[in-house]
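S.K.: Residue numbers (my numbering): 1 to 292. Beta carbons are placed, not taken as given, at the ideal position from N, Cα and C, and that holds for glycine. Below is one structure. I have some questions about it.
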């Protein structure tokens, strides 16, 4: 009996995790796959339709519009704006001249990241108002006509980029700052002895050694961009004019909750998951090749 209990003990200890994994992960995935192969509409009866929902997703213009909005927000908001500014600001804060001011700076930079997305959305909806908005009032001082930030499809993504940069620039600056402080100063001292200039030290020492941090930041930005929901929902109430602020999460919400097309929404979710998986694999390979 003692030998049997000893053999069973490890399985008893891991059984809570195994059961929770099966109930909350495996079962929903299997059920989701079954649901995506049906024409389930609401809570009525459903019929098996095979891959019809997946083929419909691949030809859905609204779905690909949401993906293109993700690409625009990621490349121009996360990469071109947040990553570039985060590296610049981290260098400024890491300078020896900052000294004791570094801690207050880091506190201020982190504050937007812990602020409620609803509060941020409401504040920026007032800032970006066409008539009387603070940003248009400021532009008016230079004789610039009011911009329809939230109504004109051309300015929808730029207005969202302003919000995203304000919210996530600080926390990404702290990530880069942590990476900079982990780089040994002896490397820079050796580079000075060799006569290396500032930009040479940045591209040959700083940037390569920031590789793991940059991979983490870009991965977080990619996943976060696909998960954008609250910001456009508060700003424009959903997809915006001509789907200018339509993102996959809202399209899933609208398809499943509002229209109750559960089968089609399930297929869309699995297509979206596949796209994210492919992007993650490509990103990992790019960073590995750059490290090598």
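Helix, strand or coil: how does DSSP classify residue 59 here?
M.R.: Here residue 59 sits in coil by DSSP.
S.K.: Leaving out five residues on either side along the sequence, give the residues of the same chain with a beta carbon under 7 angstroms from the beta carbon of residue 110.
M.R.: Result list for residue 110: 170, 171, 174, in chain order.
S.K.: Just mark residue 63 as buried or exposed, buried being the case when its beta carbon has 16 or more other beta carbons within 10 Å.
M.R.: With 16 or more other Cβ atoms within 10 Å, it is buried.
S.K.: Determine the direct distance from the alpha carbon of residue 115 to that of residue 217, and round the result to whole angstroms.
M.R.: C-alpha separation (whole angstroms): 20 angstroms.
S.K.: Does DSSP put residue 107 in a helix, a strand or coil?
M.R.: In the structure shown, residue 107 sits in a helix (DSSP, three-state: H, G or I).
S.K.: Can you check whether the CB of residue 250 is closer than 8 angstroms to the CB of residue 263?
M.R.: Not closer than 8 angstroms, so no.
S.K.: Anyone know if the C-beta pair for residue 36 and residue 273 falls short of 8 angstroms?
M.R.: No; because the gap between Cβ atoms is not below 8 angstroms, this pair is not in contact.
S.K.: From residue 192 to residue 198, what does the alpha carbon distance come to, in whole angstroms?
M.R.: For residue 192 and residue 198, the distance between alpha carbons rounds to 9 angstroms.
S.K.: Alpha helix (DSSP H) containing residue 136: first to last residue?
M.R.: Counting along the chain, the alpha helix (DSSP H) containing residue 136 begins and ends at 134–140.
S.K.: Considering only the alpha carbon of each residue, which of 149, 176, 261 lies closest to residue 163?
M.R.: When only C-alpha atoms are compared, the closest one is 149.
S.K.: Can you tell me which of 252, 187, 155, 258 puts its alpha carbon nearest to the alpha carbon of residue 235?
M.R.: Taking only the C-alpha atoms, the option nearest residue 235 is 155.
S.K.: At the level of alpha carbons, what is the spacing between residue 280 and residue 132?
M.R.: Answer to the nearest angstrom: the Cα atoms are 42 angstroms apart.
S.K.: Identify which residue in 180, 144, 77, 56 has its Cα closest to the Cα of residue 96.
M.R.: Comparing Cα positions, the closest option is 180.
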